[in-house]
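Mapping of the sequence shown onto the UniProt record's numbering: position 25 corresponds to residue 25, and the numbering continues sequentially without gaps.
For glycine and all other residues, C-beta sits at the position ideal for the given N, C-alpha and C.
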Amino acid sequence: MSLLDHIHTCNRWNPADFEPFVVGGERLGLVRRRFAKALTEGGGDFVRAEDGLHWVTAPADFDARSDAFAAHAADWDRRGLISHRHGERYPVLNAAGEARFLMDRAVAPYFGIRAFGQHLNGYVRRDDGLYLWVGRRSQSRRVAPGKLDHMVAGGLPWGVSLAENLRKECWEEAALPAAIADRARPVGIVAYCRDSDRGLKPDTIYCYDLELPDDISPRCNDDEVESFQLLPATEVMRIVDTSDAFKLNCNLVIIDFLMRHGLIGPEHPDYLALAHGLRSAPAVAQ
Numbered sequence: 001m002s003l004l005d006h007i008h009t010c011n012r013w014n015p016a017d018f019e020p021f022v023v024g025g026e027r028l029g030l031v032r033r034r035f036a037k038a039l040t041e042g043g044g045d046f047v048r049a050e051d052g053l054h055w056v057t058a059p060a061d062f063d064a065r066s067d068a069f070a071a072h073a074a075d076w077d078r079r080g081l082i083s084h085r086h087g088e089r090y091p092v093l094n095a096a097g098e099a100r101f102l103m104d105r106a107v108a109p110y111f112g113i114r115a116f117g118q119h120l121n122g123y124v125r126r127d128d129g130l131y132l133w134v135g136r137r138s139q140s141r142r143v144a145p146g147k148l149d150h151m152v153a154g155g156l157p158w159g160v161s162l163a164e165n166l167r168k169e170c171w172e173e174a175a176l177p178a179a180i181a182d183r184a185r186p187v188g189i190v191a192y193c194r195d196s197d198r199g200l201k202p203d204t205i206y207c208y209d210l211e212l213p214d215d216i217s218p219r220c221n222d223d224e225v226e227s228f229q230l231l232p233a234t235e236v237m238r239i240v241d242t243s244d245a246f247k248l249n250c251n252l253v254i255i256d257f258l259m260r261h262g263l264i265g266p267e268h269p270d271y272l273a274l275a276h277g278l279r280s281a282p283a284v285a286q
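Written as structure tokens, this is what we have:
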């Protein structure tokens, strides 16, 4: 395991395994071929053609299309074609970034829909260097139970601003009030595209830094995180560089933090590959 291994892992997928998802003449995502086949067996609202999987009966109206897709997702859930539904809705964007309808967060990977999230690096500055707050995910979490995580991280649902969502996540996951959450600095994005058990995840993460004084500590405020610990940033780097202890995408946000704060410098043999891979890594066939 190495820093660069995490970049590769988050960008490992084979384009040949997927076909376009087309709605109203627009390509909106990518669907695994075997899932597309399952949706079209027996005919119905979804049809496969040379240029991809078409939702041929999709309503033109935004709300009607969102409701119709939600009804399909509920049926797929009952039939076991998808693993579950989350309850939060993400926008389905076209190439111009325009929302065409809404899709449940848990269903988005089945259709290769780009999802957006926010990760916050909570850190403390001491005489001997930087320290990072690290959370441990609850064993009851559906995704990456027991893995290490950021102090605050979460998806960005439709209809909630970045600032509002960050305040919500800071309170729910770390009991940090809005006045502290608002001190967080946006520092860029991390993007990746990887194959997952549900399909394709072309995700974009908005990254934030929040410097905290020694007298303010996060505390568990829901069942998503079971504990927090404050670790030297050099120890966090060692963990990332030698293990898969962190939830997969957290590794990328941590690497970005370490590079921006000078703990990974140009002398690192993989410096350029890391810098490019955090935002523009190519597809890697499995």
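Item	Value
G262 versus D203: straight-line alpha-carbon distance, rounded	26 Å
Of the residues K168, A71 and G188, the one placed nearest A179, counting alpha carbons only	K168
Check whether V236 and I216 have beta carbons under 8 Å apart	no
Burial state of H276, where buried means 16 or more other Cβ atoms lie within 10 Å	exposed
Rounded C-alpha distance that separates G80 from A144	22 Å
Ordered list of beta strand (DSSP E) runs contained in the region 199 to 278, each at least 3 residues	200 to 211 and 225 to 232
For D104, three-class secondary structure by DSSP	strand
Where the alpha helix (DSSP H) containing L93 begins and where it ends	Counting along the chain, L93 falls outside any alpha helix (DSSP H), though it belongs to the beta strand (DSSP E) covering R89 to L93.
Buried or exposed by the 16-neighbour rule on C-beta atoms within 10 Å, applied to L3	buried
Bridge partner(s) assigned by DSSP for N14	According to DSSP, N14 bridges with nothing at all.
Run of the beta strand (DSSP E) containing L119, from where it starts to where it stops	One detail in the question is off: residue 119 reads as His in this sequence, not Leu. Residues A115 to R126.
Where S66 falls, given that 16 or more other Cβ within 10 Å makes a residue buried	buried
Start and end residues, beta strand (DSSP E) containing D149	L148 to H150
Integer Cβ distance of L210 from G122, believed to fall under 8 Å	5 Å
Any chain D beta carbon closer than 8 Å to Y110	The structure shown contains no chain D, having only a single protein chain.
One or two residues paired with D67 in a DSSP bridge	Per DSSP, none; premise fails for D67.
Element boundaries [beta strand (DSSP E), containing D195]	R185 to D195
Residues of its chain near A245, where Cβ-Cβ distance is below 8 Å and the 5 sequence neighbours each way are ignored	K147, L148 and I239
Neighbourhood of A36 by C-beta distance below 7 Å, restricted to the same chain and skipping five residues each side	E19, R48 and L53
For W158, the first and last residue of its enclosing alpha helix (DSSP H)	W158 -> no alpha helix (DSSP H), and no H or E assigned at all.
8 Å contact criterion, which A174 and P218 should meet: CB distance rounded	3 Å
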